[in-house]
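Undergrad:
Protein chains: 4
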Amino acid sequence: MGRTPNPDLRSARARRAILDAAVELGTRDGYAQVTVEAIAARAGVGKQTIYRWWPRKSAVLLEALNERSGPAAEVPDTGDLAADLGRQLRMVIGLLNGDLGLIWRGLLADAQSDACLAQELRDNFFTPRLRRWRDRLETAVAAGELRADVPSATMVELLFGPVYYRYLIGTSPLDADDAEALIEQIFNGLRPRP
Amino acid sequence: MGRTPNPDLRSARARRAILDAAVELGTRDGYAQVTVEAIAARAGVGKQTIYRWWPRKSAVLLEALNERSGPAAEVPDTGDLAADLGRQLRMVIGLLNGDLGLIWRGLLADAQSDACLAQELRDNFFTPRLRRWRDRLETAVAAGELRADVPSATMVELLFGPVYYRYLIGTSPLDADDAEALIEQIFNGLRPRP
Amino acid sequence: MGRTPNPDLRSARARRAILDAAVELGTRDGYAQVTVEAIAARAGVGKQTIYRWWPRKSAVLLEALNERSGPAAEVPDTGDLAADLGRQLRMVIGLLNGDLGLIWRGLLADAQSDACLAQELRDNFFTPRLRRWRDRLETAVAAGELRADVPSATMVELLFGPVYYRYLIGTSPLDADDAEALIEQIFNGLRPRP
Amino acid sequence: MGRTPNPDLRSARARRAILDAAVELGTRDGYAQVTVEAIAARAGVGKQTIYRWWPRKSAVLLEALNERSGPAAEVPDTGDLAADLGRQLRMVIGLLNGDLGLIWRGLLADAQSDACLAQELRDNFFTPRLRRWRDRLETAVAAGELRADVPSATMVELLFGPVYYRYLIGTSPLDADDAEALIEQIFNGLRPRP
DNA sequence: CACTAATCGAGACGGTACGTCTCGTCTTCGC
DNA sequence: GCGAAGACGAGACGTACCGTCTCGATTAGTG
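Chains as they are written, first to last, in the numbering used here: chain F, 155 to 348; chain A, 155 to 348; chain S, 155 to 348; chain L, 155 to 348.
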C-alpha cells in the first residue's frame, strides 16, 4: 500500500525522460491534452514510475516547468525600479507567450479545481516573486518614490494583475512591448497629473 | 445524423430542471466535478435531452450562470464615475466570492483549453462589459477627468486585472471592501501626488 | 392512458406504407437491424402511428410476412401424400431461402425471448399447418399407408424438423431439391428394407 | 487503437467472475436480458475487462456455456448404436431443458443475425458432434445396419432435427423420454414394415 | 356544410445500454 | 526493489433506440 519509495534507487534517466516528455507533449498539444499515459509512453517508462514519484500530472509538469523557467524568476536590481520592473514584466510576458506558456496556462487552469496544486503554485512561484518585489517596492516607499498608504503586496498585484488578466481572459493580446507603458500607467495613475 | 432539433417543441420544464441541477451540482462539488450524466440524473432528464440543446457541459453551466448573474452585468451610471465603478467592482467581487464563483472559476479554467468556450466567454461576458466601461471612461477622458494618452480598453484592464488576479491566483483574499481603494489607487497612481 | 384506437378511422395509406417499409428494411438489412424508428422514417409516418396499431416491431413484421406468404400456407391435396408433402416442403424451403426468409429467421429468433411472439407464431403459423398435415397423415394411417403407432403430430415434426434444423443451424445448405429425398427417407427409415 | 492484449497477464480471477456472472444472469433472466454492463457489475469487474477479451456478449456466454456442457459433448460408443444415440439425445435434451437451455436458446437466436456467432457455433459445437456421429453412422452403414444411399450427414440431421424443432418452435414439449422412440421411428421409418 | 373528434406526421421526452476512453492502482516479469 | 509493460476496477463519454408524450394539421363521419 502507500509505501514510500527509496529515492536513492531512483533512476535519473527515467526522471529526465519523463520531464522531457512532459514538456514536449505539453508544448505540442496543450496541458489539458497531456495524459500520464502519454508521458509514460513517450518517455519509454511505466506509468507506475511516474505515479511513484509524482502524485498527479500537474506535479510533473510543474516540476518540468520550474526547471526551465529559472531565469524568469531572477529579479534584477540596477537601482532603477521602473526599468527593473519593466525587464521583469517583459520576461514574464515572454514566458507566457512562449512555448512553455501553454503549460503554464494549463497549470493555472488546473489549480482552479485543485487546491493542492494552487497552494504549490503560490508557494513555489507566486509568493517568492511577490515577496521579492514587495521588498523592492518597500525600499522605494521608504525613499519617498512610492506612496506609503498602499500596501506593497497590493502594488505588486496592481502591476501583475493586468498582465494575467490579458493572458487568461484574452480580450486583447499580451505584448512584451506594453510592459513599460503599463508600469508608467500604474505608477502615475489614470488621472491627469498637473 | 446531426439533425437540428425544433426549439418550438422544447420542454421548458426540462430546460429549467437542467439549468437548476447544473448550478446545484456546480456550487456543491465544483465545476470540474460536474458531469453531464450527473446533471441529467439530478434533473430527472435523459442525457440526450442535454446533448440535444447544449454541445458540452461548459455550455450548460455558462447559460445557467448567465441567467443568474444578470445584475452583475448592469453598468450603473449615476454621473459619479468612481462611485459607479466601485459599485460594479463590488458586484463582480460579490459574484466571484459567492456560490456561483465556483462555477465561474471553472468556466474560466476550462476556457484555457477550449478556444470555443473562451470565445463565447469573451463574446457574451467580457466584451460587452468592457465596451460599456470603455464608453464611460471615454466620456471621462473627454471631460478631462482621465488621461487622454491611455487607451480606454487598457484602463478597463488596469481596473479589473487585479481583481481577477487575486481571484484566480489567490495570493491574497478578494474582498468587496477593497473595491474603492483599488479604484483610487489606479486613478491616482502609486507615486505620491504633490 | 392505454386508450384503444378506433379502427374505422385508421389510415389505410399509413398501414400500407408501414408494412411495405418493414419488409423493405427487413429484407435489406435483416430483422434484427430493423428499428421501429427506421420503419416510421421510411414509411413517412410518426412512430406513434406504428405503436398505435402494433405492440412491437415483431408484430409489424409478422403481419407483413403473413400478408406475403399466403401461398406457402396452402396444403395441396392431390391424393398422392408423398407428392403433396414434397410440394409443401419445396414451398416452405423456397420461402425460407427467399427474401422473406431473412425476416422469418428473425421472427423465429425473436420468439426465443418473447413468449408472446412465440405464441402468436405457433397460433397463426405452425399449429394450423401442423393440424392440416396431421389430418392428412391420419388419413394415410387409416389407409394403412403409415404406421399407426406413431402420433401424427410427431410425424409432422419428423418431416419438418430436419428442414428447420438446416435452416436455423446451417451446417448444410437447405435446397428445395432435397425435399423428395427427405420425405422418402423419413417414410422408409434409415434401416435397409428387405 | 485496437491493441491486442497480452494473455499472459490476464487475470484468472476476473475471467472466472465474468463467466460465472454471465451464467447466473443468463439462467436467471434469459439470454436477451443479459447486458455486458450487468455482467461487469455482478462480476465486480470493469466493462473494459470484458471487452478486452471478448468481442460481444454472445462470445462470453458461448465460452461460459462450453465450459459447463462438456459431458453433453461426449459421444459414447458401447457398440450398440441405437442405445448410444439414445443416451446422447437424452443428454442433449437434458441440456436444452436445463438451466443452461435458456442461454443456449439465446445463442441460437442471436446467431440468426450474427454470422460470426453462427460460424463459431457451428465450428465449436455442431460440426464436431456431427462429425463424430457421422463416423459412427458410417460404421453402421458399412456393417449393413443402415442404408448406404443416405448421406450420413443427412442421417444426423434427421435424428437431431426434430429435437431442435420442438425446442425452438415449441409446438410440443421436449421430453428426454421421447429419445428412444424418436430414434426407432427414424430408423424404421413411418411406413409399416412388413 | 360546419362541427368535432380522433388519427396523422413529427419529434422531444425519460430512460437503458452500448462500446470507447482515460484515470490511478495493481500485477507480472526482468534486471 | 526499481523499472517497463500493461491489465485491472471504476466510471463518464456521446450515440442509438426504446416506448411514451405532446404538438398542430388533416381528415373523417355527425348534426
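For each residue, glycine too, the CB sits at the ideal point set by N, CA and C.
Between leucine 250/S and serine 223/S, what straight-line distance do the alpha-carbon atoms span, to the nearest angstrom?
TA: Residue mapping note: residue 250/S aligns to position 96 of the third sequence, counting from 1. Residue mapping note: residue 223/S aligns to position 69 of the third sequence, counting from 1. For leucine 250/S and serine 223/S, the distance between alpha carbons rounds to 10 Å.
Undergrad: If you scan the segment 270 to 299 of chain L from start to end, which runs of the alpha helix (DSSP H) of 4 or more residues do you find wholly inside it?
TA: Whole alpha helix (DSSP H) segments, 4+ residues: 281 to 296.
Undergrad: Grouping DSSP H, G and I as helix and E and B as strand, with all else coil, what is tryptophan 258/A?
TA: Residue mapping note: residue 258/A aligns to position 104 of the second sequence, counting from 1. Helix, per DSSP.
Undergrad: Return yes when the Cβ of arginine 206/F is within less than 8 Å of the Cβ of proline 159/F, no when it is not.
TA: Here residue 159/F refers to the residue found at position 5 of the first sequence. Here residue 206/F refers to the residue found at position 52 of the first sequence. Yes, the Cβ-Cβ distance between proline 159/F and arginine 206/F is below 8 Å.
Undergrad: To the nearest whole angstrom, what separates the beta carbons of glycine 298/L and proline 348/S, a pair I think is in contact under 8 Å?
TA: If you number the fourth sequence from 1, residue 298/L lands on position 144. If you number the third sequence from 1, residue 348/S lands on position 194. Rounded, the Cβ-Cβ distance is 12 Å, inconsistent with contact.
Undergrad: Is there a Cβ of chain L sitting closer than 8 Å to that of glutamine 202/S, yes or no?
TA: The residue you call residue 202/S lines up with position 48 of the third sequence. It does not; no Cβ of chain L falls within 8 Å.
Undergrad: Please state whether DSSP places glutamine 242/A in a helix, a strand or coil.
TA: Looking up residue 242/A in the second sequence gives position 88. Glutamine 242/A: helix per DSSP, three-state reduction.
Undergrad: Using only the alpha-carbon positions, how far apart do threonine 181/L and threonine 232/S sit?
TA: Residue numbering aside, residue 181/L sits at position 27 when the fourth sequence is read from its first letter. Residue numbering aside, residue 232/S sits at position 78 when the third sequence is read from its first letter. Cα to Cα, the separation comes out at about 48 Å.
Undergrad: Can you tell which of Lys211/A, Arg167/A, Leu219/A and Cys270/A has its C-alpha closest to the C-alpha of glycine 252/A?
TA: Indexing the second sequence from 1 puts residue 252/A at position 98. The option with the nearest alpha carbon to glycine 252/A is Leu219/A.
Undergrad: What is the rounded straight-line gap between the Cα of leucine 322/S and the Cα of aspartate 238/L?
TA: Reading the third sequence from its first residue, position 168 is the one you call residue 322/S. Reading the fourth sequence from its first residue, position 84 is the one you call residue 238/L. Roughly 25 Å separates the two Cα atoms.
Undergrad: Report yes or no: is there a C-beta of chain S within less than 8 Å of the C-beta of alanine 330/L?
TA: Within the fourth sequence, residue 330/L is the residue found at index 176, counting from 1. It does not; no Cβ of chain S falls within 8 Å.
Undergrad: Look up threonine 158/A in the DSSP assignment and say whether it is helix, strand or coil.
TA: Locating residue 158/A in the second sequence gives position 4, counting from the first residue. In this structure, threonine 158/A counts as coil in the three-state DSSP scheme.
Undergrad: Among the residues of its own chain, which have a CB less than 7 Å from the CB of methionine 155/S, if the five just before and after it don't count?
TA: Along the third sequence, one-based indexing puts residue 155/S at 1. Annotation note: pLDDT 42 at methionine 155/S (below 50); position unreliable, coordinate value reported separately. Excluding residues within five positions, none has a Cβ falling inside 7 Å.
Undergrad: Please classify threonine 181/A: does DSSP put it in a helix, a strand, or coil?
TA: By 1-based counting over the second sequence, the position of residue 181/A is 27. Three-state result, threonine 181/A: helix.
Undergrad: Once DSSP output is grouped into helix, strand and coil, what is the label at threonine 148/F?
TA: As displayed, chain F neither begins before 155 nor continues past 348, which places residue 148/F out of reach and without an answer.
Undergrad: Kindly list the residues whose CB is nearer than 8 Å to the CB of isoleucine 337/L, restricted to its own chain and excluding five residues on each side of it in sequence; keep chain order.
TA: Indexing the fourth sequence from 1 puts residue 337/L at position 183. Around isoleucine 337/L: Ala236, Leu239, Gly240, Leu243 and Leu313.
Undergrad: List, in chain order, every chain S residue whose beta-carbon is nearer than 7 Å to that of asparagine 342/L.
TA: Numbered from 1 along the fourth sequence, position 188 holds the residue referred to as residue 342/L. Within 7 Å Cβ-Cβ: Gly343 and Arg345.
Undergrad: Glutamate 178/L touches chain S at which residues, Cβ-Cβ below 8 Å?
TA: Residue 178/L sits at position 24 when you count from the first residue of the fourth sequence. Those within 8 Å of glutamate 178/L in chain S number zero; the least Cβ separation is about 17 Å.
Undergrad: Using a Cβ cut-off of 8 Å (strictly closer), state whether threonine 281/F contacts chain A.
TA: Within the first sequence, the letter at position 127 stands for residue 281/F. Chain A, which has a Cβ nearer than 8 Å to the Cβ of threonine 281/F, makes this yes.
Undergrad: Using a Cβ-Cβ cutoff of less than 7 Å, which residues in the same chain neighbour serine 212/S once the five nearest sequence positions on both sides are dropped?
TA: Here the question's residue 212/S lines up with position 58 in the third sequence. Within the same chain, serine 212/S has close Cβ partners Leu261, Asp264, Asp268 and Leu271.
Undergrad: Can you confirm whether the segment 282 to 302 of chain S touches the segment 196 to 206 of chain S when touching is taken to mean that 3 or more C-beta pairs between the two stretches lie within less than 8 Å?
TA: At 8 Å Cβ cutoff, the stretches do not touch.
Undergrad: Report the three-state DSSP secondary structure of serine 212/S (helix, strand or coil).
TA: As a first step, residue 212/S must be located in the third sequence, where it is residue number 58. Residue state, collapsed to three classes: helix.
Undergrad: Use the C-beta contact count for valine 214/S: other C-beta atoms within 10 angstroms, 16 or more gives buried, fewer gives exposed.
TA: Position 60 of the third sequence, counted from the start, is the residue given in the question as residue 214/S. So valine 214/S counts as buried.
Undergrad: Just the chain L side, please: which residues come within less than 7 Å of threonine 205/S by C-beta, in chain order?
TA: Your numbering for residue 205/S matches position 51 in the third sequence. A small correction: the amino acid at residue 205/S is tyrosine; threonine does not occupy that position in the sequence shown. Going along chain L, no residue has its Cβ under 7 Å from tyrosine 205/S, so there is no contact; the nearest lies around 20 Å.
Undergrad: Relative to the alpha-carbon of alanine 171/L, which residue among Tyr185/L, Thr203/L and Gly184/L has its alpha-carbon at the smallest distance?
TA: For the purposes of this step, residue 171/L is taken as the residue at position 17 of the fourth sequence. Comparing Cα positions, the closest option is Thr203/L.
Undergrad: Could you spell out where the alpha helix (DSSP H) holding arginine 347/F opens and where it closes?
TA: For the purposes of this step, residue 347/F is taken as the residue at position 193 of the first sequence. Element bounds for arginine 347/F: n/a, residue is neither H nor E.
Undergrad: With a cut-off of 8 Å, does the C-beta of glutamate 274/A fall near any C-beta of chain F?
TA: Your numbering for residue 274/A matches position 120 in the second sequence. No, its Cβ sits nowhere closer than 8 Å to a Cβ of chain F.
Undergrad: Out of Leu254/A, Pro305/A and Met245/A, which one is the CA nearest neighbour of leucine 173/A?
TA: The sequence position of residue 173/A within the second sequence is 19, counting from 1. When each option's Cα is compared against that of leucine 173/A, the closest is Leu254/A.
Undergrad: Taking Cβ positions only, does proline 327/F come closer than 8 Å to chain A?
TA: To locate residue 327/F, count along the first sequence from 1; it is residue 173. Not closer than 8 Å to any Cβ of chain A, the Cβ of proline 327/F fails to qualify, so no.
Undergrad: Can you name the start and end residues of the alpha helix (DSSP H) that glutamate 334/A belongs to?
TA: On the second sequence, residue 334/A is found 180 positions in, with the first residue counted as 1. Where glutamate 334/A is concerned, the enclosing alpha helix (DSSP H) stretches over 333 to 342.
Undergrad: Taking the C-alpha atoms as reference points, what is the distance between aspartate 331/S and asparagine 278/S?
TA: Taking the third sequence and counting its residues from 1, one reaches residue 331/S at position 177. Taking the third sequence and counting its residues from 1, one reaches residue 278/S at position 124. If you take the alpha carbons of aspartate 331/S and asparagine 278/S, they lie about 27 Å apart.
Undergrad: Short of 7 Å in beta carbon distance, which residues of its chain neighbour valine 190/L, apart from the five on each side in sequence? Order them along the chain.
TA: Looking up residue 190/L in the fourth sequence gives position 36. So the qualifying residues of the chain are Lys201, Ile204 and Lys211.
Undergrad: Using the beta-carbon of each residue, which ones in chain S are nearer than 9 Å to methionine 245/L?
TA: In the fourth sequence, residue 245/L corresponds to position 91, counting from 1. Going along chain S, no residue has its Cβ under 9 Å from methionine 245/L, so there is no contact; the nearest lies around 18 Å.
Undergrad: To be precise: take each residue of the segment 251 to 264 of chain A, compare its Cβ to all Cβ atoms of chain F, and keep it if any distance is under 8 Å. Which residues remain?
TA: Those residues of the segment 251 to 264 of chain A that come within reach of chain F (Cβ to Cβ, closer than 8 Å) are Arg259, Gly260, Leu262, Ala263 and Asp264.
Undergrad: Going by the C-beta, is leucine 219/L closer than 7 Å to any heavy atom of the ligand FMN?
TA: The model depicted lacks the ligand FMN and carries no ligand whatsoever.
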